[in-house]
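Going down the list, the protein sequences come from chains A and B.
Counting from 1, one number per residue, gives the positions in the first sequence under our numbering.
Counting from 1001, one number per residue, gives the positions in the second sequence under our numbering.
Note that CB positions come from ideal geometry on N, CA and C, so glycine has one too.
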Amino acid sequence: MRATVAPSYQEMIAALERYWADYGCVLMQPYHTELAAGTMNPATFLRSLGPGEWKTAYVEPVIRPTDGRYGENPFRFQHYFQYQVLLKPAPEDVLDLYFASLEAVGIDTQKHDVRLVEDDWEQPTLGAWGLGWEVWCDGMEVTQFTYFQQVGGLEVELVPAEITYGLERLAMFLQGKRTAFELEWAPGVTWGDVYRESERQWSVYNFEVAPVETLTRRFAEHEEECRNLVERELPLPAYDQVLKCSHTFNLLDARGAVSVTERAAYIGRVRTLARRVAQLYVEDLVAEPAL
Amino acid sequence: MPSLLFEIGCEELPASACLEAEAQLRTLWPPDLGAARVFAGPRRLALLVGDLPEREADEWVQGPPEHLRDKAAAGFAKKRGVKIDELEVRDGFLGVVVPGRALADALPERLNAILHGLTFSKSMRWDDSGLRFARPVRWLCAKLDEETVAGFGGSSFGHRQTHEEVPVPHARDYVDSLRAANVEPDQGERLAAIRAGLAELGLAEPNERVLAEVVYLAEWPTVLEGSFDERFLSLPRRVVETAMESHQRYFPLEGNRFAFVANGGEPETVVAGNERVLEGRLEDASFTFERDAAKGIERLAEEAARITFVAGAGSFRDKVARLGALVEALGGGEPSREAARLAKADQAAELVREFPDLEGHIGAEYARLAGFPEAVCAAIDEQYLPDSAGGPLPETEAGRLLAAADKIDNLTVAFSLGQRPTGSRDPYGLRRAAIGLCRLALEAKLEIDLGALVSRAHALLVEQAAELRDDPADAVDFVEERLEGMLDVPVEFVRAARAGGVSELGAVARLAETLAAAAEGDEFERAFVAYDRANRLAGKSDGAAGEFDPKLATDEAELALVESLASASPKISAAVEAREFGSAIAAAAELRAPVDRFFDEVLVMADDAQVRANRLRLLLDVRDAVGALGDLSQIPR
């Protein structure tokens, strides 16, 4: 058994923030629209492109409508949290930095079996892929680690390392809990207290209530707006429309409104938009270097 | 003699990359520089050579022929940087001996060539060095005895969590230095240690696929044992095992115990952590199982019916309709028809989406829960068998029928859509399906009249308005070609038999075997000669009559052949029909003497065109009668 008291969920997040701020990361805040992964935040997706160096870290709520289980299955949620770190270019000692971050949240890596297990990452919707690992602590997958190779269909100029901590799993590991609902969020308050009812209500919305016709129309509207914004050479607002398309598609998928063939077509439409925005963003950087 | 260590230090390599590198390192190291031991593990690839020569071998660089000395010698000598009188003559050519370099001078270049010569099916870049590798390379260590090779490091690194830099004083010390730093570099030793650890826990035959992977997941493997709450034993065993193997790379033991391979840490802590993770996975799986079970197999079947099977070939509703028709055509009764109806229900199950390996098995479980007869459930369970070249076949009658129907349908669909397998691409596993069909015919003695069944499946696809492009007839050839590699007879006999009068797969195989067994015998020789002589002359000539006209036959030898053919032909075809191929050969052998006599006494190419055409037809009729035994011209004599 651990000698020291395990950190609460919020203490663990604070420790990660401290650690990566000390390393020199820009601490960002969660993005203002629904994302299915911290990778989709423009602070990762767009900043991975171009020649500029960039170090950032932030908490990102992840919204995946199909993964909800009405709060009944304590292993499946439509809303949970990632801690996202992007180091561009990847420093040579990036793995040592990562292992030190585990020590910083209270994991004695000598006592545990910490392993890097092959996991190649691909996000076809964003035209992005990379090679890396799942990190296991005593068999629990607590982090995804990826060296990006392509983003938005473009080869990256400087290879970034992306570290995505699954905050619930990391906390389950630290606190020795079997499910996220049991996690201590703050003294006397569990993760389940905070989010269980939310899981139930959102599952009802995602699976039963979300208006299919409206969403179908909205998808087309976001797509149209994205194209207009690309025309106007405004890649940052255009990228928000890509995110909205992606989330709208995920909702339609949860409603069972997307057939297998349509599915490929929707993904293709989002990917086309993501590529155009990525290209425009890079062209802009070349014309007028930011940062 | 000097020894060499060359180590490429990496961030954790995938098991598949270790295997690729291991094979390539053996060929990248030149054998004339001594035998190399090759090490491959998650954080390092290494070569250890014990008996290096002091120098590279001298190299003979051949120049122009000696007789061109006046014209070409000066240019060649200049190019090689030597004087003309230093050129030597060997085998009529001028040339120069380039002395081998001292090894210490040659190694930097050679080792870099090895580093850059390794290729991986998936590679990446991580900095601007231009090197591509399976994962980032973080250090290079090269020692020639106690000297560090110029341009390389002289240290390795130990176990990631317990040790840091490990100096390697002498190439010979490499393995011992690493073992002292909690790294076993030799994959063979790691494998042996894991096997021994598993055997101690009572597991004599571990899952080899998992084993082959975990050897490359740990540098300092320890086999540990854990257990899970007994309430999960109420889940189907296969669900429990899949949850352990597919993601966690655990080894299921008896009851509620499991083994796993750790790479470090305190055993008690590591076991407790892994037990918690597994129980979480099992609890998640049981949630999913119960949700599926609550829906029930009939509702799952309705949901699956709406799922697309293959783009262009409709939904699982269509697929299931074809399976029903095919098991019926295969002679199946009620259990196989019911199994066909429910075969694809689990495609709508959440558990199958989670663990695709469970397809079939989990459908069978849901059918059992719904109270279907065991024959139906077992058939659903066995429909994907055999799932590997030598894997077990279905044990039940209905299972065999459903397994055959599923494979025939997959083949027909893929070939009809123009998606036949190529040398490197076989996304639907059609080769495995074809071999499976052959084994069902050969080993399980299932009657598979392939041509008719493929036509049936194709006709149904057409009725279902599938978007077909190609004729699926090639699917039949594709399956029959598998027989060539599976039967213990020369391929020519299989090729011959495929053109014979039987189309059922097992019968084609038995015909090939009968032909091969009879090939050395006298009877076969006679049948063969009758076929061969008739075929050689008539098979290549134009102008045979459409039908034999007895009135035009006048010669005695000709009439004798007509008579013999009239007697032999029905005997041959009846024997082939009855699959008594030995008798068919005996009947065909009767034709040799009359054929020989016919050729001796009758001029086939008679002046009278009608007579000539009639005689050619007679010979073709002889060939075709014997041809019920196959295309004997395939058989070399």
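Contact list for residue i against chain B, beta-carbon separation under 7 angstroms
| i | result |
| --- | --- |
| residue 54 of chain A | Within chain B, no residue comes near residue 54 of chain A; the closest Cβ sits about 16 angstroms away, beyond 7 angstroms. |
| residue 189 of chain A | The contacting residues do not exist; residue 189 of chain A stays about 22 angstroms from chain B at best. |
| residue 204 of chain A | Within 7 angstroms Cβ-Cβ: nothing; residue 204 of chain A doesn't reach chain B, min ~16 angstroms. |
Own chain, CB closer than 8 angstroms to residue i, minus 5 neighbours either side, in chain order
| i | result |
| --- | --- |
| residue 1182 of chain B | 1158, 1159, 1162, 1163, 1219, 1220 and 1264 |
| residue 251 of chain A | 65, 206, 210 and 215 |
| residue 33 of chain A | 240, 243, 244 and 247 |
| residue 1025 of chain B | 1036, 1038, 1040, 1045, 1047, 1114 and 1118 |
| residue 1054 of chain B | 1001, 1002, 1102 and 1103 |
| residue 60 of chain A | 30, 31, 35, 37, 38, 41, 81, 82, 83 and 84 |
| residue 1569 of chain B | 1621 and 1625 |
| residue 76 of chain A | 67, 68 and 69 |
| residue 1066 of chain B | 1089, 1092, 1093 and 1094 |
| residue 1572 of chain B | 1584, 1587, 1588, 1625, 1626, 1628 and 1629 |
| residue 1613 of chain B | 1543, 1544 and 1545 |
Per-residue contacts from residue i into chain A (C-beta, under 7 angstroms)
| i | result |
| --- | --- |
| residue 1124 of chain B | 131, 147 and 149 |
| residue 1263 of chain B | 113 and 115 |
| residue 1014 of chain B | 118 |
| residue 1161 of chain B | 109, 110 and 114 |
| residue 1229 of chain B | Here the premise fails: no neighbours, minimum Cβ distance about 10 angstroms. |
| residue 1266 of chain B | 111 |
Spatial neighbours of residue i in its chain, beta-carbon cut-off 7 angstroms, leaving aside the 5 residues before and after
| i | result |
| --- | --- |
| residue 3 of chain A | Interpretation of residue 3 of chain A is limited by its pLDDT of 45, a score under 50 that renders its predicted location unreliable; the figure taken from the coordinates is listed afterwards. So no residue of the chain qualifies. |
| residue 169 of chain A | 140, 141 and 142 |
| residue 278 of chain A | 49, 151, 152, 153 and 154 |
Contact belief for residue i with residue j at Cβ below 8 angstroms, rounded distance in angstroms
| i | j | result |
| --- | --- | --- |
| residue 202 of chain A | residue 24 of chain A | The pair is not a contact, with the Cβ atoms about 37 angstroms apart (cut-off 8 angstroms). |
| residue 1378 of chain B | residue 1363 of chain B | So it is not a contact: roughly 11 angstroms between Cβ atoms. |
| residue 271 of chain A | residue 1279 of chain B | So it is not a contact: roughly 39 angstroms between Cβ atoms. |
| residue 55 of chain A | residue 87 of chain A | 5 angstroms |
| residue 1213 of chain B | residue 1172 of chain B | Incorrect: roughly 31 angstroms between the Cβ atoms, too far for contact. |
| residue 184 of chain A | residue 9 of chain A | 7 angstroms |
| residue 1457 of chain B | residue 1506 of chain B | Contact doesn't hold; Cβ gap of about 19 angstroms is too wide. |
| residue 1008 of chain B | residue 1140 of chain B | 6 angstroms |
| residue 1401 of chain B | residue 1327 of chain B | 5 angstroms |
| residue 1454 of chain B | residue 1408 of chain B | 6 angstroms |
Chain E residues whose Cβ lies nearer than 9 angstroms to that of residue i
| i | result |
| --- | --- |
| residue 7 of chain A | Included in the structure are the protein chains A and B, with no chain E among them. |
Chain B contact residues for residue i, given Cβ-Cβ distances below 9 angstroms
| i | result |
| --- | --- |
| residue 28 of chain A | Near residue 28 of chain A there are no residues of chain B at all, since even the closest Cβ is about 24 angstroms away, more than 9 angstroms. |
| residue 75 of chain A | 1280, 1281, 1283, 1284 and 1287 |
Under 9 angstroms by beta carbon: chain A residues contacting residue i
| i | result |
| --- | --- |
| residue 1273 of chain B | 112, 113, 137, 138, 139, 140, 173 and 176 |
| residue 1276 of chain B | 138, 139, 140, 172, 173, 176, 177 and 178 |
Contact set between residue i and chain A, taken where Cβ atoms lie within less than 8 angstroms
| i | result |
| --- | --- |
| residue 1248 of chain B | 139 |
| residue 1269 of chain B | 111, 112 and 138 |
| residue 1011 of chain B | 95 and 116 |
| residue 1127 of chain B | 89, 90, 92 and 159 |
Residues of its chain near residue i, where Cβ-Cβ distance is below 6 angstroms and the 5 sequence neighbours each way are ignored
| i | result |
| --- | --- |
| residue 1072 of chain B | 1064 |
| residue 104 of chain A | 15 and 19 |
| residue 1111 of chain B | 1006 and 1142 |
Residues bridged to residue i (per DSSP)
| i | result |
| --- | --- |
| residue 1225 of chain B | B:1259 |
| residue 1008 of chain B | B:1045 and B:1140 |
| residue 145 of chain A | A:133 and A:163 |
| residue 121 of chain A | A:130 |
| residue 1135 of chain B | BP columns for residue 1135 of chain B are empty, so no partner. |
| residue 61 of chain A | A:81 |
| residue 1148 of chain B | B:1143 |
| residue 51 of chain A | Partner(s): none; residue 51 of chain A has no beta bridge. |
| residue 1288 of chain B | Beta-bridge pairing links residue 1288 of chain B to no other residue. |
| residue 1315 of chain B | B:1308 |
| residue 1055 of chain B | B:1102 |
| residue 150 of chain A | A:129 and A:155 |
So if I threshold CB-CB distances at 9 angstroms, which residues from the region 1278 to 1304 of chain B count as touching chain A?
1278, 1279, 1280, 1281, 1283, 1284, 1287, 1288 and 1291
Compile a chain-ordered list of the residues in the region 82 to 95 of chain A whose CB is closer than 8 angstroms to at least one CB of chain B.
89, 90, 92 and 95
Could you run through the region 1198 to 1229 of chain B and flag, in chain order, every residue whose CB is less than 7 angstroms away from some CB of chain A?
1217
Interface residues of the region 1124 to 1156 of chain B facing chain A [CB-CB below 9 angstroms]:
1124, 1125, 1126, 1127, 1128, 1134, 1135, 1136 and 1138
Contact residues within the region 1356 to 1373 of chain B, judged by C-beta distance below 9 angstroms to chain A:
none
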